[in-house]
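S.K.:
Number of protein chains: 2
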Amino acid sequence: MKQDGDLETILGYQLQRANLEITGDARRVLAPFGLTPAKFAALLMLRANPGCDQTALGRALSINRSSVMKLINLLEAQQFVERRAGRNLRTNALHLLPDGEARLTTVLRALRESDDRMSARLTAAERTTLLALLRKLGSARGRNSALPI
Amino acid sequence: MKQDGDLETILGYQLQRANLEITGDARRVLAPFGLTPAKFAALLMLRANPGCDQTALGRALSINRSSVMKLINLLEAQQFVERRAGRNLRTNALHLLPDGEARLTTVLRALRESDDRMSARLTAAERTTLLALLRKLGSARGRNSALPI
DNA sequence: TATTGTTATACTCTATAACTATA
DNA sequence: TATAGTTATAGAGTATAACAATA
């Protein structure tokens with residue numbers, strides 16, 4: 009099978025391939041903890057912003073309010089997170105539970121190993137470059153659809 | 009909302025964000041042609057390898073045989089592609105139809121515009137670097153799961 | 001009126017497992 | 001036995017649209 013010259017230089021295609029490769033390993037690592045990449049990202053963002061509401065979390069992650077609902081419902085059922093009374097009657101204040109935060113620390117360690125393993129074929133400098141370029145691309149995320157501000 | 013320091017340096021998270029951003033625009037561009045990113049990629053790969061069978065296409069795209077089935081069923085219904093008699097009774101030879109190839113040329117032009125628009129916040133050199141790094145990461149794709157060789 | 005949470009529904013992409021026919 | 005295609009099913013991640021309650 010020949011490679012296709014166009015696909016080689018289509019950013020979206022290469023992103024999708026790399027994403028599946030890296031995310032696949034992350035998924036295997038997270039599964040024993042009952043987590044998925046999306047739930048894991050939500051936990052980290054929550055840890056950095058205790059007490060935030062669901063809409064704010066969605067904006068930070070650049071995902072829809074209804075997608076946040078799903079994640080928090082699951083994380084609450086797993087005792088990672090708690091919905092507390094918010095600053096008014098229509099908002100929730102989201103908090104990591106102490107045990108959830110402890111578990112998250114363990115999970116983060118495991119995920120870092122996965123990340124290192126997956127980026128092993130890059131030099132440290134390449135990895136840093138890649139992260140910077142990805143952030144540039146992803147920073148526009150939600151400026152249209154998910155972050156109507 | 010604060011950013012989370014860990015998420016900033018987790019490759020999988022930044023890949024996912026960038027992927028959603030870039031693929032989202034591609035999806036909007038492809039939709040009027042009845043295509044999605046996955047179907048589009050299959051078409052390009054098929055154009056480069058006329059007459060290949062479904063399993064080979066799956067390997068080239070690093071996706072499962074059953075995923076190829078879905079894509080080809082749709083593309084055949086849309087008259088982009090045809091299953092012809094293969095080199096033996098259990099293989100299909102996949103071929104782009106002439107009109108499908110013509111349409112693909114138009115679509116490719118539109119997608120290139122999307123790709124350029126999305127990578128506009130990178131310099132040409134950065135875009136090249138990014139593609140090279142992504143290919144390094146994605147090249148392992150399927151060596152375990154999807155490409156048992 | 002605008003916003004928050006919620007619910008129901010749907011779509012994309014992919015995978016696994018098992019079957020059938022053929023090699 | 002091994003491989004190609006097929007089918008059914010499932011899971012992860014997301015979105016849209018509409019509603020109720022609240023601001």
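Protein chains in written order, with this note's numbering: chain E, 9 to 157; chain U, 9 to 157. Backbone N, C-alpha and C fix where the C-beta goes; we use that ideal spot for every residue, glycine too.
Quick test of the definition: if touching needs 3 or more C-beta pairs under 8 Å, does the region 120–130 of chain U touch the region 26–39 of chain U?
M.R.: With the cut-off at 8 Å, the region 120–130 of chain U and the region 26–39 of chain U touch.
S.K.: Would you decide whether Lys47(E) is buried or exposed? Buried here means 16 or more other CB atoms lie within 10 Å of its CB.
M.R.: Translated into the one-based positions of the first sequence, residue 47(E) becomes position 39. Counting Cβ neighbours within 10 Å, Lys47(E) comes out buried, since at least 16 surround it.
S.K.: Suppose you measure from the CA of Tyr21(U) to the CA of Gln87(U); what does that come to, to the nearest Å?
M.R.: In the second sequence, counting from the first residue as 1, residue 21(U) sits at position 13. In the second sequence, counting from the first residue as 1, residue 87(U) sits at position 79. If you take the alpha carbons of Tyr21(U) and Gln87(U), they lie about 37 Å apart.
S.K.: With a CB to CB cut of under 6 Å and the five nearest residues on each side skipped, what residues in its chain are close to Ile18(U)?
M.R.: In the second sequence, the residue the question calls residue 18(U) occupies position 10. Contacts found: none.
S.K.: Looking at C-beta atoms only, is the number of pairs between the region 27–34 of chain E and the region 74–82 of chain U that lie closer than 8 Å three or more?
M.R.: no
S.K.: If you draw a straight line from the alpha carbon of Arg95(U) to that of Met126(U), how long is it in whole angstroms?
M.R.: Counting from one through the second sequence, the residue named residue 95(U) turns up at place 87. Counting from one through the second sequence, the residue named residue 126(U) turns up at place 118. The alpha-carbon atoms of Arg95(U) and Met126(U) are separated by roughly 42 Å.
S.K.: Kindly indicate which residue of Met9(E), Leu51(E), Gln11(E), Gly13(E) has the alpha-carbon position closest to the one of Pro106(E).
M.R.: Taking the first residue of the first sequence as 1, we reach residue 106(E) at position 98. Looking from the CA of Pro106(E), the closest CA among Met9(E), Leu51(E), Gln11(E), Gly13(E) belongs to Leu51(E).
S.K.: With 8 Å set as the bound, which would you pick, yes or no: does the beta-carbon of Leu155(E) sit closer than that to a beta-carbon of chain U?
M.R.: Translated into positions along the first sequence, residue 155(E) becomes position 147. Low local confidence applies: a pLDDT of 34 at Leu155(E) is under 50, so the model's placement there is unreliable, with the coordinate-based value given in what follows. Not an interface residue.
S.K.: Going along chain E, which residues have a C-beta under 9 Å from Met126(U)?
M.R.: What you label residue 126(U) is simply residue 118 of the second sequence in a count that begins at 1. Neighbours of Met126(U) on chain E, chain order: Leu19, Gly20, Leu145, Ala148.
S.K.: Checking 8 Å against the spacing of the C-beta atoms, do Gly59(U) and Ala110(U) come in under that value?
M.R.: On the second sequence, position 51 is the one that residue 59(U) refers to. On the second sequence, position 102 is the one that residue 110(U) refers to. Cβ distance not < 8 Å, so Gly59(U) and Ala110(U) don't count as in contact.
S.K.: Are the beta-carbon atoms of Leu130(E) and Lys144(U) separated by less than 8 Å?
M.R.: In the first sequence, residue 130(E) corresponds to position 122, counting from 1. In the second sequence, residue 144(U) corresponds to position 136, counting from 1. Cβ distance < 8 Å, so Leu130(E) and Lys144(U) count as in contact.
S.K.: Name the chain E residues that come within less than 8 Å of Thr137(U), Cβ to Cβ?
M.R.: Locating residue 137(U) in the second sequence gives position 129, counting from the first residue. The answer, in chain order, is Thr137, Leu141.
S.K.: Strictly under 8 Å for the Cβ-Cβ distance: is Glu121(U) near chain E by that measure?
M.R.: Here residue 121(U) corresponds to residue number 113 of the second sequence, with the count starting at 1. No, because no Cβ of chain E sits closer than 8 Å to the Cβ of Glu121(U).
S.K.: Compute the Euclidean distance between the alpha carbons of Ala154(U) and Leu139(U), then round it to the nearest angstrom.
M.R.: Position 146 of the second sequence holds residue 154(U). Position 131 of the second sequence holds residue 139(U). Because Ala154(U) carries a pLDDT of 39, less than 50, the predicted location of this residue cannot be relied on, and the following value inherits that uncertainty. CA-to-CA, the gap between Ala154(U) and Leu139(U) works out to about 22 Å.
S.K.: Flag this pair as yes or no: are the beta carbons of Leu116(E) and Leu54(E) separated by less than 8 Å?
M.R.: Residue mapping note: residue 116(E) aligns to position 108 of the first sequence, counting from 1. Residue mapping note: residue 54(E) aligns to position 46 of the first sequence, counting from 1. Cβ distance not < 8 Å, so Leu116(E) and Leu54(E) don't count as in contact.
S.K.: May I have the straight-line CA-CA distance separating Thr63(U) from Ile80(U), to the nearest angstrom?
M.R.: As a first step, residue 63(U) is located in the second sequence; it is residue number 55 there, counting from the start. As a first step, residue 80(U) is located in the second sequence; it is residue number 72 there, counting from the start. Going by the C-alpha atoms only, they are around 12 Å apart.
S.K.: Ser70(E) CB to nearest chain U CB: under 8 Å?
M.R.: Within the first sequence, residue 70(E) is the residue found at index 62, counting from 1. Look at Ser70(E): its C-beta is under 8 Å from a C-beta on chain U.
S.K.: For a test of the three-state rule: what should DSSP assign to Ala101(U), helix, strand or coil?
M.R.: Start at 1 with the first residue of the second sequence, and residue 101(U) comes out as number 93. Three-state result, Ala101(U): strand.
S.K.: Output yes if chain U places a C-beta closer than 8 Å to the C-beta of Ile80(E); else output no.
M.R.: Here residue 80(E) refers to the residue found at position 72 when the first sequence is read from its first residue. So no, Ile80(E) is outside the interface.
S.K.: Please compile the residues from chain E whose C-beta is within a distance smaller than 9 Å of the C-beta of Gln62(U).
M.R.: As a first step, residue 62(U) must be located in the second sequence, where it is residue number 54. Gln62(U) does not reach chain E, its nearest Cβ partner there being about 12 Å away, counting only Cβ pairs nearer than 9 Å.
S.K.: So, are the CB atoms of Leu23(U) and Ala49(E) less than 8 Å apart?
M.R.: Looking up residue 23(U) in the second sequence gives position 15. Looking up residue 49(E) in the first sequence gives position 41. For Leu23(U) and Ala49(E), no; Cβs fall outside 8 Å.
S.K.: Let me check understanding here. Comparing Cα to Cα, which of Ala68(E), Arg67(E), Asn57(E) lies closest to Val89(E)?
M.R.: For the purposes of this step, residue 89(E) is taken as the residue at position 81 of the first sequence. Closest by alpha carbon: Asn57(E).
S.K.: Report yes or no: is there a C-beta of chain E within less than 8 Å of the C-beta of Leu15(U)?
M.R.: As a working note, residue 15(U) is residue 7 in the second sequence. Output row for Leu15(U): interface = yes.
S.K.: Give the DSSP-derived three-state secondary structure of Ala148(E) in the structure shown.
M.R.: Locating residue 148(E) in the first sequence gives position 140, counting from the first residue. Coil at Ala148(E), not helix or strand.
S.K.: Who are the near neighbours of Ala128(E) in its chain, counting only those whose CB is closer than 7 Å to its CB and skipping five residues on each side?
M.R.: Translated into the one-based positions of the first sequence, residue 128(E) becomes position 120. No residues qualify anywhere along the chain.
S.K.: On the CB-based measure, 16 or more other CB atoms within 10 Å of its CB, does Ala98(E) come out buried or exposed?
M.R.: Position 90 of the first sequence holds residue 98(E). In the sequence on display, residue 98(E) carries Arg and not Ala. Arg98(E) is exposed by the Cβ-count criterion.
S.K.: Among Leu83(U), Arg91(U), Arg92(U), which one has its Cα closest to the Cα of Gly108(U)?
M.R.: In the second sequence, the residue the question calls residue 108(U) occupies position 100. Closest by alpha carbon: Leu83(U).
S.K.: Is Glu84(E) close to chain U, meaning its C-beta is less than 8 Å from at least one C-beta of that chain?
M.R.: Working through the first sequence from its first residue, we reach residue 84(E) at position 76. Glu84(E) does not count as touching chain U.
S.K.: What does a CB cutoff of less than 6 Å around Leu112(U) pick up in its chain, not counting 5 residues either side in sequence?
M.R.: Here residue 112(U) is taken as the residue at index 104 of the second sequence, counted from 1. Excluding positions up to five away in sequence, the list reads Leu51.
S.K.: According to a CB-to-CB cut-off of less than 9 Å, which residues of the region 22–34 of chain U neighbour chain E?
M.R.: Gln22, Leu23, Gln24, Arg25, Ala26, Asn27, Leu28, Glu29, Ile30, Thr31, Gly32, Asp33, Ala34
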